[in-house]
Every structure is written in C-alpha cells, then in structure tokens.
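Novice:
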Amino acid sequence: MEGEKNSRFSKVTEKIKFPKYTNRIIRTVIACFVTAVIYKYLLGDRNPCFACIGAVYGMGSQFQEGFHNGFNRFVGTFIGGLVVIPSYWLYMNTPFGIPGEVYLCLGVFFVMLINFMLGANNAIQPGTVVYFVVLCTQPVGNFVSYTIARIIDTGVGVLISLGISMLRPTMIDREKGVELLTFYEAMTEGFKAWSYANKCGSLPQLDEEGRAAKREERKARYIERHSV
C-alpha cells in the first residue's frame, strides 16, 4: 500500500511543471523592491501598497506589454478615483431619500461607461477596485486625500517598472530600440500600441522583416548619438 501511494504521488508531481525563474519574474521583484525602498526611506515610510501593485502591472515580458497593462491600471485608478469622490458623498448622505446602494451602483455604472468611452476596456477592473476600496473602507475625514494619493502611487509604481524595463530591456525590446535614451520614443510607441490593443484586442507584433528594420533603425540612432 505504501509503495502504491508513493507511486501515485510521484505520478502527480511529475505532471506538475514548476516555472523557471524567468527574466520577467526577476525584474518584477526588483521593481517592487525599489518601490518599497523608495516609499520607506525617501517618502517617510509611506504605504507602498498601490505603488507596488502598479509596479507589478507595469512589468511585462516586453516594454509594450508592461506599458499596456500599467497604463490600463493607471487609467482605471484615475477614472475610478474621480468617480468615487462624488459617489462617496452621495453614498454616505443619501440625498432625496434614495438608498446608498443605488448611488453605489450608479458610480460603478459611470466608472465602466467612462472607460468604455475612452476605449480602455481593460481598465474597468482596476477602476472598480479603487472605487470600492475607497467607498467601503475609508472614513469620511480623509477619503479625498486618500483617493488622490492612491492615483499618484499607482502612477509612480508603473513608472518605476517602465524605467527598469528600459534599463534592462529584453531581447525583443532591444530589437525595437527600447532603452533609457529613447524614453520619449518608447513611451510614444507604447501609447500607440495601447490604443491599437484597445481597438483590436491584442498588442501589435513585428514580423521578422519588421524586427530587422527596427534593428537597422536602432543602429542608425546609436551611430548618430555617439558620433562626434
């Protein structure tokens, strides 16, 4: 019996595939570490929760993926934060005798509607997260300042991850010419890819010819920057 149990256990463990320590995992951990250190030692032990979440969202297997997810996180948090401020007052004060739950649902409606209007469908979930966190957990005295702080924290975390992605670009990003010196260009391309993904449902992908063209473009920029 003991031998049969061990045999079954071995078969189960053989089917489980443990992930390798990929570059993305390492860079995400580094981004969270840098974020936590900045918030503890440079910002007076400020709560790093939303910034670390933003850092996780902002780190992808390539820069455009991290920009897409991180920007969605920021847009969602921004829209959810803006909507929750008036919704909070309505929910707590219930004007016109309307139950607070009605105002709660009305706020969710506007969070979703605004994101749909902006074409940021994937920003709905993070938008509703900050909406409910503020509405259901924050006291009356500081909900506005808390909301604004969480929007800023999310943006900071996303930017930290994007910065690390530029300092240590992946192979695909190097082929596209993504590096710290091309920050503005990379952010512009990231925004274009974000807009494209919202319309088409996936990020644009380069074929072999496109990658070769990007490599040549990157070489030309490198020569131009380092020429006397």
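Everything in the sequence shown is counted per this note's numbering, starting at 21 for the first residue and increasing by one.
Yeah, the Cβ is synthetic: ideal placement off N, Cα and C, and Gly gets one too.
Remember, it's a predicted structure, so these values are computed and weren't measured experimentally.
Measuring alpha carbon to alpha carbon, tell me which residue in V131, N218, L200 is nearest G100.
Specialist: For G100, the nearest C-alpha among the options comes from V131.
Novice: With a Cβ-Cβ cutoff of 8 Å, do A140 and N67 count as a contact?
Specialist: No; because the gap between Cβ atoms is not below 8 Å, this pair is not in contact.
Novice: Might you give, ordered along the chain, the residues of its own chain that have their beta carbon closer than 7 Å to the beta carbon of V198, omitting 5 neighbours on each side?
Specialist: Contacts found: F83, M186, P189, A206.
Novice: Kindly indicate which three-state DSSP category E205 falls into: helix, strand or coil?
Specialist: Note: E205 maps to helix in three-state DSSP.
Novice: Could you check which residue in I58, S81, A75 has the C-alpha nearest to that of T42?
Specialist: That would be S81, whose Cα lies nearest to the Cα of T42.
Novice: If we ignore side chains and look at the alpha-carbon of each, how far apart do G177 and N113 end up?
Specialist: G177 and N113: Cα-Cα distance of roughly 34 Å.
Novice: Can you find the residues in the same chain that come closer than 7 Å, C-beta to C-beta, to I105, ignoring five residues on each side of it along the sequence?
Specialist: Counting only Cβ-Cβ distances below 7 Å, and skipping sequence neighbours, we find V164, T167.
Novice: Quick one: complete alpha helix (DSSP H) runs, 4+ long, within the region 111–145?
Specialist: Qualifying alpha helix (DSSP H) stretches, in chain order: 120–138.
Novice: Of the choices G90, P115, T148, C52, whose alpha-carbon is the least far from that of I134?
Specialist: It is T148 whose Cα lies nearest to the Cα of I134.
Novice: Hey, quick one: how far does the alpha helix (DSSP H) through K196 stretch, first residue to last?
Specialist: Counting along the chain, the alpha helix (DSSP H) containing K196 begins and ends at 191–196.
Novice: Exposed or buried, which one is P146 when buried takes at least 16 other CB atoms within 10 Å?
Specialist: Buried, by the Cβ-count rule.
Novice: Within its chain, find whatever has a CB closer than 6 Å to the CB of A2; leave out the 5 residues flanking it on each side and keep chain order.
Specialist: One cannot answer for residue 2 here, as it falls past the ends of the chain, which runs 21 to 248.
Novice: Assuming G175 and F87 form a contact by the criterion Cβ under 8 Å, report the distance between their Cβ atoms to the nearest whole angstrom.
Specialist: Their Cβ separation, rounded to whole angstroms, is 13 Å, which puts G175 and F87 out of contact at 8 Å.
Novice: With DSSP run on the structure shown, which of helix, strand or coil describes N162?
Specialist: In this structure, N162 counts as helix in the three-state DSSP scheme.
Novice: Short of 8 Å in beta carbon distance, which residues of its chain neighbour Y123, apart from the five on each side in sequence? Order them along the chain.
Specialist: These residues qualify, in order along the chain: S107, L110, Y111, T114.
Novice: Beta-carbon within less than 6 Å of W214's beta-carbon, same chain only, minus the 5 sequence neighbours each way: which residues are those?
Specialist: Closer than 6 Å at the Cβ level, and outside the excluded window around W214, lie H88, F91.
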